[in-house]
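Chains as they are written, first to last, in the numbering used here: chain A, 10 to 265; chain B, 10 to 265; chain C, 885 to 1185; chain D, 885 to 1185.
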């Protein structure tokens, strides 16, 4: 039972922005199975918080058996995680879900991340060998953007215009006249909605990583569904489980 | 507000027996007010456990601003405390309650402790200058008994007879033909009941430290009451608050 | 200056934070930790016409994220209360809300009449205590009984009357409407949920009364739901309670429809809870630019 | 060899530990973590006569020591269930308990009749889901409706029938007695308590359905109390549930009167919870020299 819940150890923790933290976890053999776009469930040590927090995998270091998560402190659970120092134990389950597909070398791809949807794009950027334009959208404070530069051309958009294009990621695409065959994106739903429309308009293949509140993280509880265009094979209704069938879906199969 | 809830630091922790632990806490100025028979409320760090654990004060080191608790791990809360190492923070409230009275030098006193009622008798033994016979009752494994030897003659009883008198503390009193003017005791209710009867029979002044499940620890919630012979001044009924009016009571005023 | 004061049945509280009956005595004990003049009001431990001894111990047990209690409304009776506790509370600049309990309608009326000439701001009628055999919850689970006892109390009360409702009902709006029909000036909810804990090692009930009232953050979602439902069903001001530990919790109740809140079990965990909640509410108003707390009451529908 | 098997309406379970409907799918997902053959039984996600899409997301929210859910009984319908999920579960040496939901009596009957020829051990009739507009809890809060639906289902069921009761009632013994009067073979309780959570920063309901069902250890004292009350009121075997996280919790329900238990929310916190609880029950029996688990059922009165 390779992907069981296990107690791991924090290798390092670093604050990247006001409320964004980066944690490397010594996670053992489970990292061998992990791929870009997958996530792990992280469990609180406090008994008042029972549900795991699903956090996307930002980087995988297979030789070292380590993985990195970059997450925002949005509540008490993630705040607890942010206080873990080196050597602290951390309970995780994963890797979970289906990540981004592989892409042939001759394609050109937009990798688009918005806000706390940026981290999973880093491992994806590392793993893809094709030509990549990396577009990152922020409210104001930048994080991780410099780390992307090793893997492709990086374009930034900020809502307040304090860095890069003023506006959203698609404003950056337009500002720079970028072109590609394919889009892979993760971020807030309004951004994904706009990207889905953009991809349709430009007849581009498009993969979106979705997010929803989860309970089990393994496909049993049916909490984290998204609406689908067709009746799903498993659910027999118009929805799919983000944790198990996703979080990455083909844009045309989901209704946002 | 001298006796507020405060975050202190664990100076040291030691296991004394299978499920009995000794913790020294760096508690600051509050120890100056503390006396034998008083207790502190110790709070869990886990949100699923909201009520403080009342734990009697075993020793007070006023020059160092430290106090010692010796406690049994009876549930998850005390188990959590037992895992605190040196330097760990610990939230406490106290000193709480009314402890044992002072005794004039010319009296002879029995200090009787049973089980986890033994620890508070140590600070009492240290503080009393009169002649003391110290009688300690255990189920089987001894703890703290050697530490008492500096402060008086120590007599032990064990239920299984593995050390000292076989039976209870009063069996030890009889075995050794001990005599005194006065009794001060802490331990399980059946023991206190027997001591109360013994004191009446021998016309001895007697103080008992009682225990009951507490919520607030400060006298507000009326959870930890004991029955009293007379109508109590505060409650206007036949009971008193162990946390606030006790935990030490004159034996003749309470009904066990 | 942001406005934090709220109005309950014509009585202005300087802020919406009160204490929950039975967790705060008459204020003396927690007065050592919190300046009572900071509070919107102090709701006293339930008081009856004669002294009540309460239930045998153990009276409480901790549960996951909460506790059960079966104190049984121990109290010194109205005479001691009037002579000792009211003068104590009068020293502070806070509203005095007296929680009234009884076994019969006459009991309630007796206490209410005795308080008519006293400097008491509001009366909270406890018809929902799960831990006494007669009166208490028996009055609080049947809408007809709620209406009747409310009317009876209102006929004799000089101060505005808050009816405290039990959550141990199929339809909380039915008892809330009954209280309104009986002439209540306000509603407070929720009292505790009836619960039980068994000690598996002793194979015995954890509280001597077998059952007790479950309180604490564990039950907050039930309380918020009921406050919301009642806010949609009646026009009376609501005092919300049930597991409020933090300012965030208090604001949740206010957004659901409560004009004021009571803090109970939190005091046991943190004797400064009430003062910290008051401060936290002000910080929330600051952060979100809320000029008047009344804008928040029932703002989520 | 200590005896851990229990009997529910003539069906022997190898141990008293089952899964709680809706938390365990039909076993496929948790089968990756736990050998399903270890379990006393698998209670499936509720299944209806036709596919149900469920409620909009967000469908869940964490609460203090628990969670609220408003999945809305999404399920693929009885045909897919019979063709896919039953064959999957048949691979394991465990009892199959199918949870049945519906909007009308005819819906329930349709599912029950479709299951008559299937290798299913027990039927659990869900008349207590708080998250669907019709059916569900509407059937479960009125004793007369409980009796009628029980009788109707019993008239068509081939397998023994467990009626799953709602805790959102004034008197749980009334609905339990009604189920007994209608011919139920067993009772399971409690379903979730109706709860609500408001996000104070977004000023919006945390689940799209506004209200949801509160589960988890937060509600355990309510569940234990109701199991105890029902055990005193009816002669039917009881399947207890509501916040069971550990073997200690399971034993508490058994001592209160449950012949078996269901583990729900705990699976989300610990996918191995069911197996660990089974092991822990055996350890408790060992420690206290209990030869037969049936000695523990209802042992605290």
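We put the beta carbon where it would ideally sit given N, CA and C, even for glycine.
Integer-rounded CB distance, given that residue j should sit under 8 angstroms from residue i
| i | j | result |
| --- | --- | --- |
| residue 193 of chain B | residue 231 of chain B | Between residue 231 of chain B and residue 193 of chain B the Cβ distance is about 26 angstroms, and since that is not below 8 angstroms, they are no contact. |
| residue 980 of chain C | residue 1005 of chain C | 5 angstroms |
| residue 1111 of chain D | residue 1142 of chain D | 5 angstroms |
| residue 1007 of chain D | residue 975 of chain D | Going by Cβ atoms, the distance from residue 1007 of chain D to residue 975 of chain D rounds to 21 angstroms, so no, they are not a contact pair. |
| residue 1149 of chain C | residue 1127 of chain C | 7 angstroms |
| residue 200 of chain A | residue 178 of chain A | 6 angstroms |
Within chain A, the residues that residue i reaches when beta carbons sit closer than 9 angstroms
| i | result |
| --- | --- |
| residue 1166 of chain D | Correct list: empty, because the minimum Cβ distance to chain A is about 21 angstroms. |
| residue 1175 of chain D | The contacting residues do not exist; residue 1175 of chain D stays about 33 angstroms from chain A at best. |
Proximal chain B residues relative to residue i, where beta-carbon distance stays under 9 angstroms
| i | result |
| --- | --- |
| residue 55 of chain A | 54, 55, 56, 57 |
Same chain, Cβ closer than 6 angstroms to residue i, five either side skipped, listed in chain order
| i | result |
| --- | --- |
| residue 945 of chain D | 952, 1081, 1090, 1091 |
| residue 29 of chain B | 81, 152 |
| residue 1178 of chain D | none |
| residue 214 of chain B | 191 |
| residue 977 of chain C | 921 |
| residue 273 of chain B | Here chain B comprises residues numbered 10 to 265, so residue 273 of chain B is not present and cannot be evaluated. |
| residue 1182 of chain C | 1115, 1141 |
Partners in chain C for residue i, counting only beta-carbon separations shorter than 8 angstroms
| i | result |
| --- | --- |
| residue 1089 of chain D | 1184 |
| residue 1084 of chain D | 1132, 1135, 1136, 1139, 1168 |
| residue 1052 of chain D | 1054 |
| residue 1127 of chain D | 948 |
Beta-carbon neighbours of residue i, restricted to chain C and to distances below 9 angstroms
| i | result |
| --- | --- |
| residue 1186 of chain D | Absent from the structure is residue 1186 of chain D, since the part of chain D shown begins at 885 and ends at 1185. |
| residue 260 of chain B | Near residue 260 of chain B there are no residues of chain C at all, since even the closest Cβ is about 18 angstroms away, more than 9 angstroms. |
| residue 14 of chain B | 917, 1154, 1155, 1156 |
Contact set between residue i and chain D, taken where Cβ atoms lie within less than 9 angstroms
| i | result |
| --- | --- |
| residue 233 of chain A | 941, 942, 943, 944 |
| residue 91 of chain A | Near residue 91 of chain A there are no residues of chain D at all, since even the closest Cβ is about 18 angstroms away, more than 9 angstroms. |
Contacting residues, own chain, Cβ-Cβ under 7 angstroms from residue i (five flanking each side not counted)
| i | result |
| --- | --- |
| residue 1026 of chain D | none |
| residue 1083 of chain D | 1090 |
| residue 912 of chain C | 972 |
| residue 939 of chain C | 954, 955, 956, 1015, 1092, 1093 |
| residue 958 of chain C | 936, 937, 938 |
| residue 155 of chain A | none |
| residue 895 of chain D | 979, 1005, 1006, 1044 |
Neighbourhood of residue i by C-beta distance below 8 angstroms, restricted to the same chain and skipping five residues each side
| i | result |
| --- | --- |
| residue 148 of chain B | 124, 167, 168, 169 |
| residue 966 of chain D | 998, 999, 1002 |
| residue 255 of chain A | 106, 107, 218, 219, 235, 249 |
| residue 162 of chain A | 141, 142, 143 |
| residue 25 of chain A | 31, 79, 152, 153 |
| residue 238 of chain A | 247, 261, 262, 263, 264 |
Partner residues on chain D for residue i, Cβ-Cβ distance less than 8 angstroms
| i | result |
| --- | --- |
| residue 98 of chain A | Residues of chain D passing the Cβ test: none, with the nearest at roughly 15 angstroms. |
| residue 888 of chain C | Those within 8 angstroms of residue 888 of chain C in chain D number zero; the least Cβ separation is about 16 angstroms. |
Under 7 angstroms by beta carbon: chain C residues contacting residue i
| i | result |
| --- | --- |
| residue 1081 of chain D | 1105, 1108 |
Amino acids of chain A, ordered along the chain, whose beta-carbon sits closer than 8 angstroms to that of residue i
| i | result |
| --- | --- |
| residue 955 of chain D | 230, 231, 232 |
Proximal chain B residues relative to residue i, where beta-carbon distance stays under 8 angstroms
| i | result |
| --- | --- |
| residue 913 of chain C | 225, 227, 228, 229, 253 |
Chain G residues whose Cβ lies nearer than 9 angstroms to that of residue i
| i | result |
| --- | --- |
| residue 907 of chain D | Annotation note: the requested chain G is absent from the structure, which comprises protein chains A, B, C and D. |
Closer than 7 angstroms at the beta carbon, the chain D residues around residue i
| i | result |
| --- | --- |
| residue 1149 of chain C | Neighbours of residue 1149 of chain C on chain D: none; closest Cβ ~11 angstroms, over 7 angstroms. |
Practice item. Inspect the CB distances between the region 923 to 937 of chain D and the region 1063 to 1082 of chain C and report whether three or more fall short of 8 angstroms. Key: no
Point to revise | Contact list for the region 937 to 951 of chain D against chain A, Cβ threshold 8 angstroms | key: 937, 938, 941, 942, 943, 944, 945, 946, 948, 949, 950, 951
Check your understanding: If you measure beta-carbon to beta-carbon, which residues of the region 198 to 229 of chain B are closer than 7 angstroms to chain C?
Key -> 221, 222, 224, 225, 227, 228, 229
**Study point:** Given 8 angstroms, three or more beta-carbon pairs between the region 76 to 96 of chain B and the region 47 to 65 of chain B
**Key:** yes
Review point. Are the region 908 to 923 of chain D and the region 1162 to 1173 of chain C touching, with three or more C-beta to C-beta distances below 8 angstroms?
Key: no
Point to revise | the region 247 to 265 of chain A touching the region 43 to 60 of chain B, judged by at least three CB pairs closer than 8 angstroms | key: no
**Study point:** Contact the region 13 to 21 of chain A vs the region 95 to 109 of chain A: 3+ CB pairs below 8 angstroms
**Key:** The region 13 to 21 of chain A and the region 95 to 109 of chain A touch, with no fewer than 3 CB-CB distances between them shorter than 8 angstroms.
**Study point:** Validate contact between the region 1157 to 1168 of chain D and the region 1129 to 1149 of chain D using beta carbons, cut 8 angstroms, 3 pairs
**Key:** yes
Review point. Three or more beta-carbon pairs under 8 angstroms between the region 241 to 248 of chain B and the region 196 to 208 of chain B, yes or no?
Key: no
**Study point:** Within 9 angstroms of chain B by C-beta, residues of the region 984 to 1015 of chain C in sequence order
**Key:** none
Practice item. Taking a Cβ distance cut-off of 8 angstroms, strictly less, list which residues of the region 961 to 985 of chain D are near chain A, in chain order. Key: Under the 8 angstroms Cβ criterion, the region 961 to 985 of chain D contributes 961, 964.
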